[in-house]
Amino acid sequence: MPQKKKLSGLSDKEARYRLHRDGPNTLPDADRRNALRILRDVLSEPMFLMLLATAGIYLLLGDKLEGCVMMLMNAISVGLVVVQERRSEKVLESLRRLSQPTARVIREGKPATLPSGQIVYGDILALDEGNHIVADAILLDSHALYVDESMLTGESVPVQKQLGDPVYSGCLIVRGHAQAEVIATGIRSRLGQIGKAVTIARTEPTPMQRATGHAVRHMAIAGIALSILAGALYAVLRQDWLGGSLAGLSLAMALMPEEFPMVLTVFMAMGAWRLSRVGVLTRRSAAIETLGATTALCVDKTGTLTENRMTVARLWCDGITQDTTQPHEASFIRLAEYAALASRPTSFDPMDRAAHELAQRAGIVLRPHWRLLREYELNPSLLAMSQVWSRQEDCFTVAAKGAPEAVIDLCHLPPETADFVLAGVRQLADEGLRVLGVAEAFTNELTDNQHDFSFRFVGLIGFHDPLRIDVAPAVEECRQAGIRVIMITGDYANTAQVIARAAGLDANRVLAGKELETLSATELQKAIKDVRVFARVQPEQKLKLVEALQGSGEIVAMTGDGVNDAPALKAAHIGVAMGQHGSDVAREAAALVLLKDDFGSLVAAVRMGRRIHDNLLKAMSYIISIHVPIAGLALLPILTGWPMLLLPVEIVFLELVIDPVCATVFEAENAEPGLMKRPPHSPSEPLFNRRLVLMALGRGVLLLLTIGIYYGVTLQQTGEEAARSLTFSALVIANLMLVLSVRAKHRPLWAGITRPLIVIIFLTFALLGAALTVPIFREIFRFSLVPPDLMAQAAAVGAGPILLLELFKRRPKQTKTPTPPRRI
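Throughout, this note's numbering is defined as the position within the sequence shown, counted from one, plus 2.
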């Protein structure tokens, strides 16, 4: 077998040139909506059709000015919706780019991780189990590589690939690892040629969106029916069928709940964008709805709580421990050499890199004339891997490393020697180190089973992986928020306890994987109430933990990065994959992806989820509240015989204020004080829960009664147009006061006013001032010029009910914060 040459890959300069020449390594996405498609969707909305009908009736009545104004306001309304929808679509497009799968490549002789879109012809790909192939390529080397090509061929049985075989974009590595040279990217790949566009970020409706759509349909049907009856009543009583049509359309526009689906769409899109700003990618929008309800965070130790930045801190040989900074004796040099021989020469694994760095620090030069012949992969039944090196013809050296118990098993150590080694393992684990065993063997023939080699135990290596600096404060924040943090690790219990205590977790009791396997579901549910640390856990056991927590009524977020983590990630309420070191299989199974793999980002996502849920409830409450006085004031004149107060042009004016408020102000609202000191909300609580609806209706009815009575009084004291001017002004001011009050749920209404709200308040007063003072606008709105003292009275009427409600605001409930455990 020829000796494998070291691959240096492309230079960065050449890669940039090829990317410019060939274009990005992406496929067409049919799900994207351009401006024309958005405009077509908006023009088919019922509100647009009603505004168009209203303009037509004005023209039939001979009111050309009002008809043209309605057409103009209709165009403005459509424009605002298109701009908002386009904004949301741009956010989704940026998230699609962010959610591109990554690929590991060799560039300028160094390993690098790049977005798949930047892979070019000639790149050297590092292919590993659980990852998708991002471009067509030819294998340069292969180690027990099996590929699932069912996406292209329909054949479900994985295909074994050898040196020189092609592998294709979109296919999945199910076992083994390899290096391959890219031969086709993007639409030039086999996948691109057969025309399959892979959509990375799907925007399927969430449960909340489906429930809201169902409610909106029923509300719309009821509103249209009431509007038809009211319009007919107006026409019969006043013998004015066109006027009755206008009255019915006005009421229909006032009752139409078109803001609800728009608000959900905006909140989901902007919520995903805001999560990306804290380092969390949203793959499924339903996770945004569930984040704020999370009660248990199950997190891996390595890479999530720790930095996944391994360095060899201790060596153990024959009962003697040595710091790696001290001079190396012969036995420790041999241990460092075989640890490096058992590690892949070109690897992204932090422990492999640390082993090679140790060998370099010790001045060890791995024998250049040796050839790597074969690798025995790690597997669940034997947590150790071996590499076979050829020294000369029919003379092989085998280096193994792995979990100490597995290496002890490979070496067939007698019980006394095994106990002696395990005592050394505990000694290193007590220092919080991750421990691996190393062994060597010499043979003249190769077999398919590692156990066939006569291994000799060499020693133990202790890896130090520092705790992330932001973990302890984040754990404390979770405790105050009523969220349990549960650490899961494959390391020893001693190592897990040291790290857990440093993170601020209760580590008095640790449940090991073997003990976990013996417990029934009921016993595990009982035990898990008091346990925060699980050690020596296999990936398959994570699913059992998720099911036990769910059986206890917890809302579970589970992290994972490997292929075997996928079942647990799918079963959890929120599966969270690792973006830097996770497999593609794990990312596809998860609802969220941590772009930086750190625990602080996950807690920030929960905090953001609570804020999004809080603001969404505020927006829904506001929509219900403001529609009560608008609909009531549109219906009141029909029932009382008074002159119409809200003409279509006034309702459109109000909608031009309401839509940006719902879509911008509430979405951008800052988090309430003490947001992470409250208990999580219940996920079973409906969006339109009884308390929210009753409170919103109560506010709306209070505004309707106040402004309705004010309209009746001003009609008697002034003329029709003056009464309309004053009452409409009171309604506009009441609307702005309602926004201020609802957005500041547990704060004074003037606290923390955001820039979008300031802009909307300024524009609203500017437009209202123009409607009241500019003659042509007064004619269109059928207003009259009113004196300042009456305007002040109208302002007081509009603001009064909200100021009264401010007296009854309640402080939020906060979770009791237990005394944190001692940290070390």
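Heads up, the beta-carbon is just placed ideally off N, CA and C, and yes, glycines get one too. Please read these numbers as outputs of a predicted model, since none were measured by experiment.
Secondary structure of CYS664 (DSSP, three-state): helix. Burial state of ASP563 is buried, judged by a 10 Å Cβ sphere holding 16 or more other Cβ atoms.
Taken atom to atom, the span from the alpha-carbon of ARG20 to that of MET489 is near 45 Å. Spanning the alpha carbons of ASP125 and ALA17 requires a straight line of approximately 8 Å. Per DSSP, reduced to three states, the secondary structure at HIS179 is strand. Within the same chain, GLY294, ALA295, HIS615 come within 7 Å of HIS683 by CB-CB distance, once the 5 residues on both sides are set aside. Within its own chain, no residue has a Cβ closer than 6 Å to the Cβ of ALA227 once the five positions on either side in sequence are excluded. By the Cβ neighbour-count rule, CYS397 is exposed, with fewer than 16 other Cβ atoms within 10 Å of its own.
The three-state reading of DSSP puts CYS397 in strand, counting E and B together.
Within the stretch 740-826, no beta strand (DSSP E) run of at least 3 residues lies entirely inside it. A residue is called buried once 16 or more other Cβ atoms fall within 10 Å of its Cβ, and GLN452 is buried on that count. The residue from ALA606, GLN324, ASP138, THR308 with its alpha-carbon nearest to that of SER278 is ALA606. Ranking THR306, GLN181, LEU658 by CA distance to the CA of ILE471 puts THR306 first. Taking every protein chain shown into account, the CB of GLN241 has fewer than 16 other CB atoms within 10 angstroms, so this residue is exposed. Nearest neighbour of ALA592 by Cα position, chosen from VAL761, VAL565, ARG612, turns out to be VAL565. For CYS413, the enclosing alpha helix (DSSP H) begins and ends at 406-413. When C-beta atoms of the stretch 315-335 are compared with those of the stretch 427-437, three or more pairs fall below 8 Å, so the two segments count as touching. By the Cβ criterion, the stretch 167-176 is in contact with the stretch 124-142, since at least three pairs of Cβ atoms, one from each stretch, lie closer than 8 Å.
In the three-state reduction of the DSSP assignment, VAL651 falls in the helix class, which pools H, G and I.
Shown here for THR449: same chain residues with a beta carbon closer than 8 Å to its own, the five before and five after excluded, namely PHE455 in chain order. Put simply, the backbone Cα of GLU447 is about 14 Å away from that of TYR378. Between the alpha carbons of PRO26 and ALA570 lies a distance of about 34 Å.
Cβ neighbours of GLY11 within its own chain (closer than 6 Å, five residues either side excluded): ILE108, ARG109, ILE126. In this structure, ASP532 is the residue among MET697, LEU469, THR642, ASP532 with its C-alpha nearest to the C-alpha of VAL512. A direct Cα-Cα distance of roughly 13 Å separates ILE121 from ARG190.
By the neighbour-count definition (other C-beta atoms within 10 Å, threshold 16), ILE711 is an exposed residue. Using a C-beta cut-off of 8 Å, the stretch 471-486 makes contact with the stretch 500-509, since at least three inter-stretch Cβ pairs fall below that distance.
Within its own chain, the residues whose Cβ lies closer than 7 Å to the Cβ of ALA182, once the five positions on either side in sequence are excluded, are LEU127, LEU129, ALA139, ILE140, LEU141, LEU142, VAL169, listed in chain order. Here LEU385 has GLY404, ALA405, ALA408 as same chain residues with Cβ atoms under 6 Å from its own Cβ, once five neighbours each way along the sequence are excluded. In the DSSP assignment, ALA361 falls outside any beta strand (DSSP E) and within the unbroken alpha helix (DSSP H) covering 352-363. A contact is defined here as three or more CB-CB pairs under 8 Å, and the stretch 757-772 meets this definition with respect to the stretch 653-667. In the structure shown, MET387 falls within a strand segment according to DSSP collapsed to helix, strand and coil.
In this structure, the CA atom of ILE625 is about 22 Å from the CA atom of ALA798.
When beta bridges are read from the DSSP output, GLN324 appears opposite LEU317. Rounded to whole angstroms, the separation of the alpha carbons of PHE783 and CYS664 is 24 Å. Taking the C-beta atoms as reference points, ILE463 is found nearer than 8 Å to VAL440.
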